[in-house]
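Our numbering puts the first residue of the sequence shown at 9, with every later residue one more than the last. The C-beta atom is built at its ideal place from N, Cα and C for all residues, glycine as well.
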Amino acid sequence: MKIKELIHNKLSDIFLMVNEISEGLTSNNSPYIKFTFTDGKDSIKGVMWDKSITDIPDISLGSVIKIRTIPKTYKNTLQLTVLQCRTITKGDNVCIEDFIKTSPIKPLDIYNELLTRVSHFENESFKKVVTKLLEDNKDKLLYYPAAKVVHHAIQGGLLYHIYRMYKSGAALADIYKYGIDTELFISGIILHDIGKLNELSSNENGIVEDYSAEGKLLGHIVQGVIMLHDAAMELNIPAEDEMVLKHILISHHGSEENGSPRKPMILEAELLNKLDEMDAIIYQFQDTLSNLEKGEFSENKFFLKNIQIYKHY
C-alpha cells in the first residue's frame, strides 16, 4: 500500500519510513508522538496518542516501520492516527531503498559534470578554490539534502538544487552577457550553500535529524564563508577574487531580514539570489503538485506565503 491509497477512516496497514519524530503534551498533560512519514515518493503526517518516544525504543529517524492506522482528515489534509507500529522484519520482504526520496538525477553524475565544467575555467583562482571544496566534500555532497524540510529535502538534494541553478544560470549568463563574469557566477552557484554541509546533521539517506551546534549558532552563510576563506588561504587566492566570491555567498539570501549580512552589490550576486529563490519556490510547487490529482487544491503552504496550490492538469 502507498500513501495515495489510504482512505479516510479506513483501518489500514502500511509500511513507511520515519522522516521526522518528536513528542509533545496535550492540554491534559497526556503525551503523544508526532511523525512525518514517507513511502519513497509522498509524505504524510502522523500522530500516536498516549505514547512517548521511550515507549517505542526500536523506532527512530530513518526507521522503516509497519503501521496500523486509521487515517483521519484534519484541516482538509489526510494524516495518520497510529494505533500500532513496529520495525520491519525479514519476513516483511521490504527493501529500505524503496523508501528513500532521492534526487531524480544521480548525485555522482551531477558532481562529475560540475567538476568537469570547473576544470575548464580560465580563471585559476575560481578553478582551484571550487575544485578543492568540491573534492574535499565529495562524500557528503553525494547524499546531503539542501534543507531539513522546506525544499530539496531529499537524498542528494543539495547537489540537485545546485545543478538546477547551474543549468538555469548558464542560460541566463548567455542571454544577458554584458557585465557578467560567467566563471564567478558559476562558482557562486556551486558554493553558495556549501556551508549546509556543516549546518545540518544528515544521515546517508538524506534525512536531517537536527541542525548542528555550528548551524544553530552560525548558520550556513557564515559556515560557507569560513570554508571558502580557509580554502582560499591554503591556495593563496588573490584577495579580490576571494572577496567577490565571499560577497556572493553572504548576499545570496538577498536582504538582511532574510539572513544575508549584505544585499547583492554585483550583478552575479543579484542573479544568483533570484535563481536561488526561484528554484526553491519551483521545487515546492512541483513537490506539492506530484501529490495532487487534477482539480485538487493542496493544504496551505506556509513557506509559500500560505497559498493553496491548485493542480489544473
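CA-CA distance, residue 215 to residue 223, rounds to 16 Å. Between residue 164 and the set 138, 177, 211, the nearest pair of CA atoms involves 211. At a Cβ-Cβ threshold of 8 Å, residue 190 and residue 179 do not count as neighbours. Ranked by Cα distance from residue 58, the options 237, 266, 103, 36 are led by 36.
Sequence-distant Cβ neighbours of residue 227 in its own chain, meaning closer than 8 Å and more than five residues away, are 203, 207, 267. Counting C-beta pairs closer than 8 Å gives three or more between the segment 274–285 and the segment 246–265, which meets the contact rule.
Shown here, residue 318 sits in a strand according to DSSP, grouped into three states.
Counted as a single uninterrupted DSSP element, the beta strand (DSSP E) harbouring residue 88 occupies residues 85–95. With respect to residue 86, residue 169 sits apart: the two C-beta atoms are not nearer than 8 Å. Per DSSP, reduced to three states, the secondary structure at residue 23 is strand. For residue 156, same chain residues with a beta-carbon under 6 Å away, outside a window of 5 residues either side, are 216 in chain order. With the rule of 3 Cβ pairs closer than 8 Å, the segment 18–25 counts as touching the segment 73–82. Three or more beta-carbon pairs separated by less than 8 Å are not found between the segment 40–54 and the segment 124–141, which leaves the two stretches without contact.
Using a 10 angstroms sphere on the CB of residue 136, the tally of other CB atoms reaches 16 or more, which defines it as buried.
In the structure shown, residue 151 adopts coil according to DSSP, grouped into three states.
The three-state reading of DSSP puts residue 214 in coil, since its state is none of H, G, I, E or B. DSSP places residue 55 in the strand class (E or B) of the three-state scheme. Nearest neighbour of residue 250 by Cα position, chosen from 63, 199, 91, 113, turns out to be 199. A Cβ-Cβ distance of about 6 Å is found for the pair residue 159 and residue 292, placing them in contact under the 8 Å criterion.
Contact between residue 102 and residue 96 holds: CB atoms are separated by about 5 Å, below the 8 Å threshold.
For residue 264, there is no enclosing alpha helix (DSSP H), as DSSP marks it with neither H nor E.
Out of 275, 297, 311, 303, the CA that lies nearest to the CA of residue 285 is found in 311. Take the alpha-carbon of residue 26 and the one of residue 188: they are about 44 Å apart. By the criterion of a C-beta distance shorter than 7 Å, residue 143 is surrounded by no residue of its chain, once the five residues flanking it on both sides are discounted. In this structure, the beta-carbon distance from residue 45 to residue 100 does not fall below 8 Å. Apart from the 5 residues on each side of it in sequence, residue 69 sits with its Cβ closer than 8 Å to the Cβ of 26, 27, 28, 29, 211, 215, 217 in its chain, given in chain order. Residue pairing of residue 305 in beta bridges, as defined by DSSP: 318.
Every unbroken stretch of the alpha helix (DSSP H) spanning 4 or more residues and falling wholly within the segment 110–179 is given here in chain order: 115–127, 132–144, 146–149.
Non-local C-beta neighbours of residue 42 in its own chain, meaning closer than 8 Å and more than five positions away in sequence, comprise 28, 29, 30, 31, 32, 53, 54, 55, ordered along the chain. Boundaries of the alpha helix (DSSP H) around residue 289: 275–297. Residue 108 is positioned such that its CB atom lies no closer than 8 Å to that of residue 171. By the CB criterion at 8 Å, residue 111 and residue 194 fall outside the cutoff.
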